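Working notes, structure below.
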Amino acid sequence: MTTQDNSQKQPFWKTDWGKNALVILAIVILYPFVHKMIIQEAAKGPAPKFETVTLQNKQVSLDDFQGEPVIIHFWATWCPICEHERPDIEKIAKEYSVVNIAIQSGSDQELIEFAEKNSMDPAIIVNDKNKYLENLYSAHGVPATFLVDSQGQVQFVKRGYTSYKELSEQIEKLSE
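At position 118 of the sequence shown (counting the first as 1) the number is 118 in our numbering, and the numbers step up by one without a gap.
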């Protein structure tokens with residue numbers, strides 16, 4: 001009976017269950033940060049080369065942007081975060097090259113209609129129906145933004161909302 005009384009007085013975090021709960025809690029809290037750092041560092045280096053076709057049947061490849069920075073931006077029509085960041089991406093596209101890659105967003109015609117409705121330039125939109133580019137860049141989840149420098153090296157990766165200001169600052173760093 002004494003052992004039962006002692007175990008009842010022991011704080012939860014000192015019990016086996018408590019210790020396990022603390023370890024699980026630490027993993028849950030730290031995982032997103034560690035995972036993000038690992039993914040972003042792993043993505044840096046030579047940008048995967050691609051050749052594809054835009055919604056206006058224009059051939060586009062990574063080699064087209066040699067000597068200049070290019071933003072490879074993965075998004076979807078159904079993504080609320082993508083919708084929120086769209087004005088920033090469109091604004092940066094007026095100053096720098098951007099390849100917008102739509103993921104799981106319907107047919108080409110549906111994407112063209114979406115682009116027209118949202119005042120987007122379909123000339124820089126690629127419909128990645130077979131997930132080739134998504135897999136090539138390991139851009140699982142939208143939005144995902146990759147900044148490739150003039151030498152073809154990925155210098156910046158962001159999963160989630162990316163502002164015009166943040167992208168501009170990253171591009172400015174390239175010219176330093």
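Using N, Cα and C, we set each Cβ at its ideal position, and we do this for glycine too. None of these values were measured; they are calculated from a predicted model.
Classify residue i as buried or exposed, calling it buried when 16 or more other Cβ atoms lie within 10 Å of its own Cβ.
i: Leu-25; result: exposed
i: Tyr-161; result: exposed
i: Leu-22; result: exposed
i: Glu-85; result: buried
Could you check what DSSP says for residue i in three-state terms: helix, strand or coil?
i: His-140; result: coil
i: Glu-134; result: helix
i: Gln-153; result: strand
i: Pro-122; result: helix
i: Lys-49; result: coil
i: Lys-129; result: coil
i: Ala-21; result: helix
Rounding to the nearest angstrom, what Cα-Cα distance links residue i and residue j in this structure?
i: Thr-54; j: Asn-20; result: 51 Å
i: Asp-149; j: Leu-133; result: 18 Å
i: Pro-143; j: Gly-18; result: 37 Å
i: Met-120; j: Phe-12; result: 56 Å
i: Ile-89; j: Lys-9; result: 58 Å
i: Glu-83; j: Lys-117; result: 13 Å
i: Asn-135; j: Ile-29; result: 27 Å
i: Lys-129; j: Pro-48; result: 18 Å
i: Glu-172; j: Pro-69; result: 10 Å
Could you pull out every residue in the same chain whose Cβ sits closer than 8 Å to the Cβ of residue i, ignoring the five residues on either side in sequence?
i: Gln-56; result: Pro-122 and Ala-123
i: Ala-115; result: Leu-55, Asp-121, Pro-122 and Ile-125
i: Gln-170; result: Leu-147, Gln-155 and Phe-156
Kindly give me the distance between the Cβ atoms of residue i and residue j, rounded to whole angstroms, as I take these residues to be in contact under 8 Å.
i: Ala-76; j: Gln-104; result: 6 Å
i: Leu-62; j: Phe-50; result: 6 Å
i: Ile-27; j: Leu-167; result: That belief does not hold up - the Cβ atoms of Ile-27 and Leu-167 are roughly 32 Å apart, past 8 Å.
Leaving out five residues before and five after residue i in sequence, what residues of the same chain have Cβ atoms less than 7 Å from its Cβ?
i: Gly-141; result: Arg-159
i: Gly-45; result: Gln-153 and Val-154
Please list, in chain order, all residues of the same chain as residue i whose beta carbon is under 6 Å from its beta carbon, the five residues on each side excluded.
i: Thr-145; result: His-73, Lys-158 and Thr-162
i: Asn-100; result: His-73, Ile-124 and Ile-125
i: Ile-92; result: Tyr-164 and Leu-167
i: Asn-127; result: Ala-102, Asp-108 and Leu-111
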